[in-house]
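Line by line, the protein sequences give chains V and C.
Each residue of the first sequence is one higher than the one before, counting from 1 in the working numbering.
Each residue of the second sequence is one higher than the one before, counting from 1001 in the working numbering.
Number of protein chains: 2
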Amino acid sequence: MAGAQNRDDLLEKLAGAIFDGTYPPGSFLPREIDICSTHQVSRSTARSALQTLVDTGILVRISGQGTRVRAPSEWQLLDPRVTHWLTHYTEASAFYMDDLLRFRESVEPFVTMEAATHATAEDLVAIERALGGMAATIDAPDHHCQGASHDEYDVAFHEAVYAATHNVIWTQLSHMLKPIIHAQVARTRRSVEAMRESVGCHRRVMEAIRRQERSEACEAARELLSHTAEDLRDGPGASLE
Amino acid sequence: MAGAQNRDDLLEKLAGAIFDGTYPPGSFLPREIDICSTHQVSRSTARSALQTLVDTGILVRISGQGTRVRAPSEWQLLDPRVTHWLTHYTEASAFYMDDLLRFRESVEPFVTMEAATHATAEDLVAIERALGGMAATIDAPDHHCQGASHDEYDVAFHEAVYAATHNVIWTQLSHMLKPIIHAQVARTRRSVEAMRESVGCHRRVMEAIRRQERSEACEAARELLSHTAEDLRDGPGASLE
DNA sequence: TCAATACCTTATGTCGGACATAGCTGCAAG
DNA sequence: CTTGCAGCTATGTCCGACATAAGGTATTGA
Chain V
1 MAGAQNRDDL LEKLAGAIFD GTYPPGSFLP REIDICSTHQ VSRSTARSAL
51 QTLVDTGILV RISGQGTRVR APSEWQLLDP RVTHWLTHYT EASAFYMDDL
101 LRFRESVEPF VTMEAATHAT AEDLVAIERA LGGMAATIDA PDHHCQGASH
151 DEYDVAFHEA VYAATHNVIW TQLSHMLKPI IHAQVARTRR SVEAMRESVG
201 CHRRVMEAIR RQERSEACEA ARELLSHTAE DLRDGPGASL E
Chain C
1001 MAGAQNRDDL LEKLAGAIFD GTYPPGSFLP REIDICSTHQ VSRSTARSAL
1051 QTLVDTGILV RISGQGTRVR APSEWQLLDP RVTHWLTHYT EASAFYMDDL
1101 LRFRESVEPF VTMEAATHAT AEDLVAIERA LGGMAATIDA PDHHCQGASH
1151 DEYDVAFHEA VYAATHNVIW TQLSHMLKPI IHAQVARTRR SVEAMRESVG
1201 CHRRVMEAIR RQERSEACEA ARELLSHTAE DLRDGPGASL E
């Protein structure tokens, strides 16, 4: 394994090794000094990176014993970094994906209703921009528009809806959900036809928020999510990357 | 300021100083070496504690410039430690309390419905034990029963409901909400009469979960929360410690 | 023989000092 | 006035050493 440039590099490498199964839950990591020599960093740097992994509930360090990987149920999934690592290094994390989809199904109708009540003009601008990007990328040659892909606009749409609630908790949850939503969106490879339908669903959500109609917003969000869930269960095993 | 025993002591002291307003958002913390001499620890220890505060979004450190407190909107409220510090060191955090109450009002009906669907016998045992504790403490001399107070049983009840969803996200959210719920419960100083009524509301929630009646569970949770909200708005300004 | 105790090994926790690097400020040359 | 160099400050990284906690092993005593 090559050397790391700095603390953040090492952190990313260690996290990657844990989340890709190199160090499964319950197993021990190498000793600090071995990590140092392997990655060409000093003990301070190694300890700093390890400390972050302890803070996120991924590692336990016991003096005199070593550093071991905790059970995944202890990992702080509410930390955006953890969901980032999970979606980037863990393949077919079906277990969590199911929980996370159930979570979104519970939560997003309410979030959309809250957005309908509290959205400002600025929030609507952000939502509309994301929707416009989604629509524009459909006909674009490489499905990109102004440097962003269809999926990225999709994620931005949901993020903007969460932000429109003007509630700190919902907003922070969206940060943690961002990698998840991105992964879920990316797994639903859709035809141009399906993409247009998706845009329609999203538009219905936006219109409901604009008109401040809570019950319609709730219903629109529910339908949007049911489409996502359907797409995920359709071709999930098929295209893992 | 007295010396700290170890890393965790220092972390707690620094967090306390930030959350109680000694170092308000935007201000700079002392230099590392000053923190070292003030708290009688080495630079490694100080850096380790500071790193954790960076990981929770509370501090930013810029090389050559210093360490400053970030805006509260950047703080990772989803981390249980942050909510712990918030409730223990920040007085009259009405701003967040409002957001957090709104959040609970949105979420707990759903959580209770999910619990009604997924609760096992063990979950019901835990819920019932908490409820029994709440009831038992009412008539106890010092409102304690087996070492736990009425409020602690109340918190345990809500925690058990979250756990009964058998969903990782909800369970972890309950860890973060625990200090919040405890603070909210503690602020609603109730008469014996009101406590009995509260137990009745909680029992209605439990019964709905036991009978797996989703809509009734939702309604019961809503009523329970409306009582909490009412109590909070009633005597909130009165007793801020 | 068995159990309680002392000792030793291991790996993390803390310490102290040193140099490298990133921002910022101010002076000076063009 | 602008640009560029020098110097300052505080964090980032490195090194070597000792302290401490957890586990295993050997010794000792009943």
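Built from N, CA and C at the ideal position, the CB exists for glycine as well.
When secondary structure is reduced to three states using DSSP, R1061 (chain C) falls in the strand class. R31 (chain V) carries a coil assignment under DSSP once its states are collapsed to helix, strand and coil. For R70 (chain V), there is no enclosing alpha helix (DSSP H), since its DSSP letter is neither H nor E. Neighbourhood of E223 (chain V) in chain C, by CB distance below 7 Å: empty, with the nearest CB roughly 18 Å away. Judged by pairs of C-beta atoms under 8 Å, the stretch 105-115 of chain V does not touch the stretch 131-139 of chain V, as fewer than three such pairs exist. Residue environment analysis places V1155 (chain C) among the buried positions, since at least 16 neighbouring C-beta atoms fall within 10 angstroms of its C-beta. Here Q172 (chain V) is not near L101 (chain V), since their CB atoms are 9 Å or more apart. Q1184 (chain C): member of the alpha helix (DSSP H) spanning V1168 to R1187, first to last residue.
Rounded to the nearest whole angstrom, the C-alpha separation of F1028 (chain C) and R1068 (chain C) is 4 Å.
Taking every protein chain shown into account, the CB of T1228 (chain C) has 16 or more other CB atoms within 10 angstroms, so this residue is buried. Within the stretch 1138-1169 of chain C, the residues whose Cβ lies closer than 8 Å to any Cβ of chain V are, in chain order, N1167, V1168 and I1169. Rounded to the nearest angstrom, the gap between the Cα atoms of K1013 (chain C) and R1070 (chain C) is 18 Å. When CB distances to chain C are screened at a threshold of 8 Å, the residues of the stretch 77-105 of chain V falling below it are L77, L78, D79, Y96, D99, L100, R102 and F103, in chain order. DSSP, read as helix, strand or coil, puts A1140 (chain C) in coil. Within its own chain, the residues whose Cβ lies closer than 8 Å to the Cβ of G1003 (chain C), once the five positions on either side in sequence are excluded, are H1039, Q1040 and V1041, listed in chain order.
For Q184 (chain V), there are no neighbours in chain C by C-beta distance under 9 Å, as the nearest C-beta there is about 14 Å away. Taking a 10 Å sphere around the C-beta of G147 (chain V), we find fewer than 16 other C-beta atoms and assign the residue as exposed.
Each residue's CA atom was taken as its position, placing H202 (chain V) and L86 (chain V) some 27 Å apart. Judged by DSSP secondary structure, Y1089 (chain C) falls within the alpha helix (DSSP H) whose first and last residues are P1080 to Y1089. Rounded to the nearest whole angstrom, the C-alpha separation of G21 (chain V) and H88 (chain V) is 12 Å. Runs of the alpha helix (DSSP H) spanning 4 or more residues and lying entirely within the stretch 187-225 of chain V occur at 192-210, in chain order. In the three-state scheme derived from DSSP, where H, G and I count as helix and E and B as strand, A148 (chain V) is classed as strand. Residue contact check for S63 (chain V) against chain C: no CB pair falls below 9 Å. One alpha carbon belongs to V1205 (chain C), the other to T165 (chain V), and they sit about 28 Å apart. By the neighbour-count definition (other C-beta atoms within 10 Å, threshold 16), Q51 (chain V) is a buried residue. Using a Cβ distance threshold of 9 Å, L1225 (chain C) and E1152 (chain C) do not count as a contacting pair. Under the 9 Å criterion on CB atoms, V41 (chain V) is classed as non-interfacial with respect to chain C.
Closest in alpha carbon position to Y162 (chain V), among V:S215, V:V107, V:A15 and V:I35, is V:V107. DSSP places L1014 (chain C) inside the alpha helix (DSSP H), whose first and last residues are R1007 to F1019. Per the C-alpha coordinates, the member of C:A1160, C:P1025, C:I1127 and C:R1007 positioned closest to P1072 (chain C) is C:P1025. Inter-residue distance for D139 (chain V) and G200 (chain V) is about 15 Å (C-alpha atoms, whole angstroms). Contact between R81 (chain V) and T56 (chain V) holds, since their C-beta atoms are separated by about 6 Å, short of 8 Å. Q1051 (chain C): member of the alpha helix (DSSP H) spanning R1043 to D1055, first to last residue.
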